[in-house]
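The structure appears below as structure tokens.
2 protein chains.
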Amino acid sequence: MLPYKVKGNDVSTSATTPQVLRLANLKAVLSVMRANGAVTGTDLIEATGLTRATAIAVCDDLTARGWVRELPGERLVGTTKGRPARRFEFNPAAGCVLGMDVGMATATALVADLRGQTLARVSERFDKPPATAASRRATIKRVVASALDEAGLAPSAVLAAAIGVSTVVDRHGNVAAGHELSEHFDIGLQTEVFSDYGWPVLLENDANLAALAERWSGVGTGVDDLAVMLAGERLGTGLIESGRLLHGCNGGAGEVGTLELVDGVGSQDGIARLARYWGNEALAADRPTLIRELVGPGTSRVSARFVFEAAARGDEVAQGILERIGLRMARVIAVLGTFFNPELVVIGGAVAASASALLPTITRELPRLTATPPRVAVSEFGDAIVAAGAVRLALDYVEEHAMELVPADAPA
Amino acid sequence: MLPYKVKGNDVSTSATTPQVLRLANLKAVLSVMRANGAVTGTDLIEATGLTRATAIAVCDDLTARGWVRELPGERLVGTTKGRPARRFEFNPAAGCVLGMDVGMATATALVADLRGQTLARVSERFDKPPATAASRRATIKRVVASALDEAGLAPSAVLAAAIGVSTVVDRHGNVAAGHELSEHFDIGLQTEVFSDYGWPVLLENDANLAALAERWSGVGTGVDDLAVMLAGERLGTGLIESGRLLHGCNGGAGEVGTLELVDGVGSQDGIARLARYWGNEALAADRPTLIRELVGPGTSRVSARFVFEAAARGDEVAQGILERIGLRMARVIAVLGTFFNPELVVIGGAVAASASALLPTITRELPRLTATPPRVAVSEFGDAIVAAGAVRLALDYVEEHAMELVPADAPA
DNA sequence: GAACATAAATTTAGACGCTAAATAAAAGGA
DNA sequence: TCCTTTTATTTAGCGTCTAAATTTATGTTC
Chain A
135 MLPYKVKGND VSTSATTPQV LRLANLKAVL SVMRANGAVT GTDLIEATGL TRATAIAVCD
195 DLTARGWVRE LPGERLVGTT KGRPARRFEF NPAAGCVLGM DVGMATATAL VADLRGQTLA
255 RVSERFDKPP ATAASRRATI KRVVASALDE AGLAPSAVLA AAIGVSTVVD RHGNVAAGHE
315 LSEHFDIGLQ TEVFSDYGWP VLLENDANLA ALAERWSGVG TGVDDLAVML AGERLGTGLI
375 ESGRLLHGCN GGAGEVGTLE LVDGVGSQDG IARLARYWGN EALAADRPTL IRELVGPGTS
435 RVSARFVFEA AARGDEVAQG ILERIGLRMA RVIAVLGTFF NPELVVIGGA VAASASALLP
495 TITRELPRLT ATPPRVAVSE FGDAIVAAGA VRLALDYVEE HAMELVPADA PA
Chain B
135 MLPYKVKGND VSTSATTPQV LRLANLKAVL SVMRANGAVT GTDLIEATGL TRATAIAVCD
195 DLTARGWVRE LPGERLVGTT KGRPARRFEF NPAAGCVLGM DVGMATATAL VADLRGQTLA
255 RVSERFDKPP ATAASRRATI KRVVASALDE AGLAPSAVLA AAIGVSTVVD RHGNVAAGHE
315 LSEHFDIGLQ TEVFSDYGWP VLLENDANLA ALAERWSGVG TGVDDLAVML AGERLGTGLI
375 ESGRLLHGCN GGAGEVGTLE LVDGVGSQDG IARLARYWGN EALAADRPTL IRELVGPGTS
435 RVSARFVFEA AARGDEVAQG ILERIGLRMA RVIAVLGTFF NPELVVIGGA VAASASALLP
495 TITRELPRLT ATPPRVAVSE FGDAIVAAGA VRLALDYVEE HAMELVPADA PA
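Here you go:
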């Protein structure tokens with residue numbers, strides 16, 4: 135065990151090096167490294183306010199623990215004089231994190247190093263419903279195994295795993311009463327699927343993770359008051375206020391179940407579902423539209439993609455559908471904007487790319503619905519947004535609990 | 135200036151007493167004292183985790199600064215053996231705080247000592263609108279002066295003042311752009327009214343202060359996820375999530391302006407206004423009702439009080455009005471409950487006492503509107519709820535900035 | 001009332017975490 | 001080679017805190 139003291143425990147007394155172990159400083163330095171990559175002593179002095187002696191001592195300490203590694207002395211470009219600075223960075227070999235999106239239809243896993251760089255990404259569709267719990271468990275395990283394999287890492291290298299699920303999760307990571315993953319998730323994620331690995335497993339609502347992802351490195355980077363709507367099939371919202379995720383007492387904050395009470399909305403259907411529904415309606419009404427050609431003669435199954443494509447090609451029926459969807463989204467965003475007063479509302483999920491076609495309608499309507507319309511943007515994350523947020527949550531956990539975790543290649 | 139060091143400054147070096155000055159400990163001890171009243175060294179050991187030596191040293195230090203006083207050695211009942219414990223408490227003479235509610239019609243001031251005990255309370259109605267800004271300023275100054283007078287304190291004893299206003303205030307205490315107190319508040323509270331005194335003046339939205347008050351010592355005591363609705367004339371909501379006030383990016387969180395979008399609500403009218411409106415409607419329709427008798431023959435002005443009284447006496451028309459109000463409130467609470475997922479929703483403001491007559495309707499309807507109905511309660515604060523919350527905000531400020539403030543009777 | 005028991009305060013020694021200042025080291029440039 | 005620059009390292013020492021020993025103030029018991 136490495137020397138570390140919180141209160142009254144033994145500490146190995148080194149005569150030469152000052153013992154720089156204060157927890158807050160360790161975390162601060164780790165945080166700076168995660169944000170900036172390789173850092174020098176001078177960087178840390180500026181970022182943390184510590185003395186050089188202390189800053190370097192913290193780095194040496196973290197290096198001894200395995201969290202940090204020192205880079206060989208390649209000089210930074212631009213500086214030419216003086217003694218070369220030592221450079222430290224979060225040790226990529228200290229371990230990795232696993233971020234998962236366990237949805238209705240698909241399981242996605244992202245493996246990332248401690249700087250957040252993606253090392254591997256694997257997706258697999260679940261068996262068509264009704265899939266057995268055993269089948270779903272097996273799919274998830276396969277996804278995890280092949281993601282680790284692709285990253286070339288052993289399960290023991292994983293320091294924390296976070297999982298996004300489309301259900302209500304409270305701020306302690308427990309699935310809320312009444313939402314015990316009953317629909318398709320009754321598969322005991324923590325107890326059945328991940329218990330073998332011995333990882334810390336964090337559950338969180340998928341929309342909340344999407345919000346974390348956007349604020350981390352998406353269009354909402356650095357925005358402190360942010361709402362992210364997963365708007366594909368069902369509307370779900372992740373809320374960040376003053377930089378912190380909102381949960382409410384049971385984790386239900388951001389649920390839009392009462393949208394049925396909102397005029398002109400009437401349900402919590404998402405963009406893709408509405409496009410399908412109204413697309414089918416148009417076909418059934420025998421209206422002339424490009425959608426029919428795109429769907430093809432055989433089936434009557436409209437997918438959202440066809441509606442967006444037809445609209446892009448100028449089809450008026452499809453454009454009318456998008457207009458209707460845009461109006462509805464504008465109303466949802468207006469309610470959200472007034473109740474929460476976010477600076478920015480991000481539309482995310484698998485439909486995000488298509489959703490940009492709705493932006494003109496939404497931004498046109500918003501000022502008519504609310505006096506303080508938020509900015510509206512479309513996520514650029516694609517369908518990895520939830521898994522990316524899970525990575526971020528796991529990274530936060532690792533940083534917060536670094537002193538309780540053992541790096542993958544910790545020195546003896 | 136008392137010896138205090140944050141970083142590298144001079145400190146008076148006492149040879150005998152250990153110098154226990156770490157800011158976090160000072161605040162922790164002050165916080166325990168404010169919450170518990172008189173405390174002993176042992177209490178502090180349990181509450182803060184410090185050693186006895188340190189705990190007592192902190193108390194001595196705070197005493198020397200004037201923030202704390204030591205009580206004469208009256209033994210606590212129950213303990214009989216051993217050396218009597220020294221007992222310390224927040225020094226009431228260290229100063230006071232001022233909490234104000236500057237509403238449309240009335241200005242209320244509360245003076246409280248540093249334990250939160252009310253020392254004086256004064257209210258005065260503004261001149262009937264349209265009152266001049268000068269008249270409103272004069273009223274506020276009179277209220278402040280007589281409250282301090284009633285408490286027997288000089289203006290210099292005030293360590294901080296907080297003011298609740300019914301407009302949008304962001305989390306930095308600035309009135310949001312577009313809401314610059316334009317309606318009736320364009321009186322330059324900080325610049326014109328309070329600048330003479332030299333106090334730190336904190337502005338906050340009235341509903342937010344009501345939420346602070348309820349969580350401090352009302353029906354929401356200790357509830358971490360709480361919504362408080364000021365429901366008299368206009369609906370306004372203060373939101374506390376995980377123990378922290380929500381503001382949103384401009385302070386607009388909890389605004390219910392978009393209620394017009396909500397089915398069955400249609401406006402942000404409060405309980406009193408609706409009662410008046412529908413009461414007048416009933417009279418105009420010539421329906422037989424006790425309300426008419428209570429109003430009297432001369433006028434046709436229905437006040438909310440009459441409607442509630444008639445309903446209490448069994449009048450069916452009045453009861454019907456309350457039922458309608460209850461249904462509307464239930465819808466508002468349902469939307470609030472789903473979006474924010476609070477544990478408890480408190481109805482507050484001047485109408486709070488009457489509002490308990492609405493509770494049966496609300497609690498009956500809620501489960502039909504939302505799957506996760508919050509608890510609903512009625513505030514017991516009466517019309518001092520906003521001023522009480524202002525006191526609490528000012529106390530928080532004093533505690534947080536104690537080391538930058540100078541107690542009223544600080545030793546030379 | 002003297003001896004004991006108890007609970008708390010106080011003193012003492014020393015560890016830890018840091019800073020500031022002095023010193024040393026590792027470069028480039030004249 | 002010597003100077004300049006930039007950074008690292010060492011040294012001394014201060015402030016904060018803890019743990020343990022000691023003292024103090026009280027009640028209890030014989």
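If you're matching them up, the sequences are chains A and B in order. Counting with our numbering, you get residues 135 to 546 for the letters of the first sequence. Counting with our numbering, you get residues 135 to 546 for the letters of the second sequence. Note that beta-carbon positions come from the ideal geometry of N, C-alpha and C, so glycine has one too.
How would you write the range of the beta strand (DSSP E) that residue i sits in, first residue to last?
i, result
"residue 371 (chain A)", "370 to 375"
"residue 244 (chain A)", "240 to 247"
"residue 478 (chain A)", "478 to 482"
"residue 295 (chain A)", "292 to 299"
"residue 510 (chain A)", "509 to 512"
"residue 221 (chain B)", "221 to 224"
"residue 361 (chain B)", "360 to 364"
Run the CB neighbour count on residue i, radius 10 Å, all protein chains shown included, and call it buried at 16 or more, exposed below.
i, result
"residue 269 (chain A)", "exposed"
"residue 235 (chain A)", "buried"
"residue 183 (chain A)", "exposed"
"residue 120 (chain B)", "Limits of chain B in this structure are 135 at one end and 546 at the other, which puts residue 120 (chain B) out of reach."
"residue 154 (chain B)", "Per-residue confidence for residue 154 (chain B) stands at a pLDDT of 42, beneath the threshold of 50, marking its modelled position as unreliable; no derived number is given."
"residue 420 (chain A)", "exposed"
"residue 151 (chain B)", "At residue 151 (chain B), the pLDDT of 36 sits below 50, so the modelled position is not reliable and the matter cannot be decided from this model."
"residue 279 (chain B)", "exposed"
"residue 145 (chain A)", "Interpretation of residue 145 (chain A) is limited by its pLDDT of 29, a score under 50 that renders its predicted location unreliable; the figure taken from the coordinates is listed afterwards. Residue 145 (chain A) should be labelled exposed."
"residue 448 (chain A)", "exposed"
"residue 476 (chain B)", "buried"
Going by CA-CA distance only, name the one from the options that's closest to residue i.
i, options, result
"residue 216 (chain B)", "B:189, B:176, B:199 and B:191", "B:176"
"residue 339 (chain B)", "B:507, B:330 and B:309", "B:309"
"residue 260 (chain A)", "A:240, A:278, A:473 and A:267", "A:240"
"residue 514 (chain A)", "A:246, A:495 and A:348", "A:348"
"residue 256 (chain B)", "B:196, B:299 and B:244", "B:244"
"residue 371 (chain A)", "A:190, A:478 and A:492", "A:478"
"residue 375 (chain B)", "A:322, A:474, A:409 and A:295", "A:474"
"residue 351 (chain B)", "B:250, B:279 and B:542", "B:250"
"residue 531 (chain B)", "B:200, B:230 and B:185", "B:230"
"residue 223 (chain A)", "A:214, A:206 and A:527", "A:206"
"residue 295 (chain B)", "B:336, B:311 and B:203", "B:336"
"residue 464 (chain A)", "A:454, A:435, A:439 and A:507", "A:507"
"residue 461 (chain A)", "A:446, A:344, A:497 and A:470", "A:497"
"residue 501 (chain B)", "B:541, B:529 and B:471", "B:471"
"residue 505 (chain B)", "A:286, A:254, A:390 and A:541", "A:390"
"residue 522 (chain B)", "B:454, B:298 and B:179", "B:298"
"residue 362 (chain A)", "A:483, A:292 and A:233", "A:483"
"residue 167 (chain B)", "B:193, B:453 and B:329", "B:193"
Output yes or no for whether 9 Å exceeds the beta carbon distance between residue i and residue j.
i, j, result
"residue 221 (chain B)", "residue 169 (chain B)", "no"
"residue 441 (chain A)", "residue 481 (chain A)", "no"
"residue 162 (chain B)", "residue 181 (chain B)", "yes"
"residue 364 (chain A)", "residue 404 (chain A)", "yes"
"residue 436 (chain A)", "residue 468 (chain A)", "no"
"residue 160 (chain B)", "residue 542 (chain B)", "no"
"residue 402 (chain A)", "residue 368 (chain A)", "yes"
"residue 561 (chain A)", "residue 451 (chain A)", "An answer regarding residue 561 (chain A) cannot be provided, because it is not within the stretch 135 to 546 covered by chain A."
Tell me the residue span of the alpha helix (DSSP H) that contains residue i.
i, result
"residue 463 (chain A)", "450 to 474"
"residue 188 (chain A)", "186 to 199"
Next on the checklist: Counting only Cβ-Cβ distances shorter than 7 Å, please list the residues of the region 453 to 477 of chain B near chain A, keeping chain order.
Outcome noted: 465, 468, 469, 472, 473, 474, 475, 476 and 477
Next on the checklist: Counting only Cβ-Cβ distances shorter than 8 Å, please list the residues of the region 375 to 388 of chain B near chain A, keeping chain order.
Outcome noted: 375, 376, 378, 380, 381, 382, 383, 384, 385, 386, 387 and 388
Checklist entry - Relative to chain B, which residues along the region 298 to 309 of chain A have a C-beta separation below 8 Å, given in chain order? => result 305
Item to check | chain A contacts made by the region 247 to 278 of chain B, where a contact means CB separation under 7 Å | outcome: none
Checklist entry - Using Cβ-Cβ distances below 9 Å, what residues of the region 487 to 509 of chain A are close to chain B? => result For the region 487 to 509 of chain A, residues whose beta-carbon sits nearer than 9 Å to a beta-carbon of chain B comprise 503, 504, 505, 506 and 508.
Checklist entry - Taking a cut of 9 Å between CB atoms, which residues from the region 327 to 359 of chain A lie near chain B? => result 357, 358 and 359
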